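Engineer:
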Amino acid sequence: MKKVLDARAERALASSDAIVAGDLWTDQSMTSICNLFIFTPNPLYVDTCVWGEERHSAVNTAASFKKRIDALGSCNVIAFVSDTEPKMLAVWEILERDYPTMIMLPCAANCLDLTLEDICKYEDFRSALELCTDTTQFWRHRYLPRPSWNGASWASTETSCSWRILERLGGSRRCRPQCRCSRLNAPWRRLWWTAT
Amino acid sequence: MSLLKTQCAMEKAVVDGYLKTQCLHGGSVTQKKAAEEVAAAVRDEKKWSVLALAVKLLEPLAVALDVDQIDGRGLGSVQHHMYRLRAHFFSFASPPGQERQQLKDFVLGFFNDGKMYAMLPIHSLAYILDPRYVYQSNQPTAAESGGAFKLLKALEADRDTRLALSC
Chain A
39 MKKVLDARAE
49 RALASSDAIV
59 AGDLWTDQSM
69 TSICNLFIFT
79 PNPLYVDTCV
89 WGEERHSAVN
99 TAASFKKRID
109 ALGSCNVIAF
119 VSDTEPKMLA
129 VWEILERDYP
139 TMIMLPCAAN
149 CLDLTLEDIC
159 KYEDFRSALE
169 LCTDTTQFWR
179 HRYLPRPSWN
189 GASWASTETS
199 CSWRILERLG
209 GSRRCRPQCR
219 CSRLNAPWRR
229 LWWTAT
Chain B
5 MSLLKTQCAM
15 EKAVVDGYLK
25 TQCLHGGSVT
35 QKKAAEEVAA
45 AVRDEKKWSV
55 LALAVKLLEP
65 LAVALDVDQI
75 DGRGLGSVQH
85 HMYRLRAHFF
95 SFASPPGQER
105 QQLKDFVLGF
115 FNDGKMYAML
125 PIHSLAYILD
135 PRYVYQSNQP
145 TAAESGGAFK
155 LLKALEADRD
165 TRLALSC
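Respectively, the protein sequence lines represent chains A and B. Numbered per the working numbering, the first sequence spans residues 39 to 234. Numbered per the working numbering, the second sequence spans residues 5 to 171.
1. Sorted by chain position, which residues of the same chain lie with C-beta nearer than 8 Å to V111/B's C-beta, five sequence neighbours on each side aside?
2. Compare the beta carbon distance of E160/B and S128/B with 7 Å and say whether it is the shorter of the two.
3. Determine, using beta carbons only, whether D156/A comes closer than 7 Å to chain B.
4. Using DSSP bridges, identify the partner residues of I141/A.
5. Quick check on this structure: which residue in K108/B, H85/B, G118/B has the alpha carbon closest to the alpha carbon of Y176/B?
6. Quick one: Cα of R46/A to Cα of T78/A, how far?
7. Would you report the Cα separation of T197/A and L152/A, rounded to the nearest angstrom?
8. What separation, rounded to the nearest whole angstrom, lies between the Cα atoms of K105/A and D136/A?
9. In three-state terms, what does DSSP make of D70/B?
10. Quick one: residues in its chain with C-beta nearer than 6 Å to the C-beta of V82/B, no 5 flanking neighbours on either side, listed in chain order?
11. Could you tell me if G118/B is buried or exposed, where buried requires 16 or more neighbouring beta carbons within 10 angstroms of its beta carbon?
12. Tell me whether N98/A sits in a helix, a strand or coil according to DSSP, three-state version.
13. Buried or exposed: where does G60/A fall if 16 or more other Cβ atoms within 10 Å of its Cβ makes it buried?
14. Could you tell me whether the Cβ atoms of V58/A and I71/A are closer together than 7 Å?
15. What's the gap between the Cα of P144/B and the Cα of K36/B?
16. From L51/A to A122/B, what distance separates their C-alpha atoms?
17. Determine the chain A residues that contact D162/B at a beta-carbon separation under 9 Å, and present them in chain order.
18. Take Y139/B and list the residues in its own chain whose beta-carbon comes closer than 6 Å to its own, dropping the five residues that flank it on each side.
19. Under 7 Å Cβ-Cβ, which residues of chain A neighbour F114/B?
20. DSSP beta-bridge partners for T64/A?
21. What's the C-alpha gap between T69/A and L62/A?
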């Protein structure tokens, strides 16, 4: 598998067709982590960096990306993609200064995902979506009306997932005990406890 | 169709089988009450019609999201999807009533906010240069084109760009 991925990365670099992207997050132990991606003609995951410092800052984030970009060869990287939170915009400024030929791009999927999330806040949709998520969470764990349901296609982003739930409540994939009771709203939560 | 199938399955599930034997006809008072509330929520036709409306409204957005995530290239397609989404949200036939305009304003407001963050002059430039969209009826506005050509001139004039292009 590694050989396949390496070969794909090399091909993208050879044709100067690589785009570096990243996403910052913090785990439950408050460790600052950065997922770094290389987008090639087909997206490709490459590296996860664990921060030495306690917090992400524009400076240490930019330094981390610069290290990777330099390792790939800065003239092989044509663009940098990230979300548009203020810290990443500050990172853009640093990278633009150091790599003037590199294009900074906002992640369109992230923006669409946020738009989808915002639209789902519409009062009528919100209450109906709660029914969806509660129903799905509850039944997925209990193997019940599954035969009548189509397979849910879980998209890679959480809000897109809401839409998929909406479209095809439930799933034909083997249910895994991943239901979180705390995510359920009353009365599903009460039913959860009483039916367990 | 799949939402309708699910609705039928859910309604069936709350009137027979597991829920009936283990919750409605057995267990504690709290359990019975919770089961009745859940059954009532599942049988609420208004919620299902709202869900159907939401599916119809949001489907193009979910499709655009999937397409953008599958294909990491082709910056012009971002602008293309924005045009399609704007047209869809603008012409979406929501049920008549007082809330019709409210829903449209709500959706278009958030769409415009998202667009503001997602779109840069590079997207308009890529759209203008992308042969797939040359004959499309939707073309960048004067302001967008102005930004795109300003960027093109800046790229053309930049020494580093010329050096990068000549590599």
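Each residue gets a CB set at the ideal place from its N, CA and C atoms; glycine is no exception. Values in this document were obtained by computation on a predicted structure and should not be read as measured data.
Structural biologist: Result, derived from the coordinates:
1. L61, F93, F96
2. no
3. yes
4. A117/A
5. The requested residue 176/B is not part of the displayed model; chain B covers only 5 to 171.
6. 8 Å
7. Unreliable placement is indicated for T197/A, whose pLDDT of 45 sits below 50; no coordinate value is reported for it.
8. 12 Å
9. helix
10. H127
11. buried
12. helix
13. buried
14. no
15. 59 Å
16. 26 Å
17. P138, T139
18. none
19. T153, D156, I157
20. S70/A
21. 11 Å
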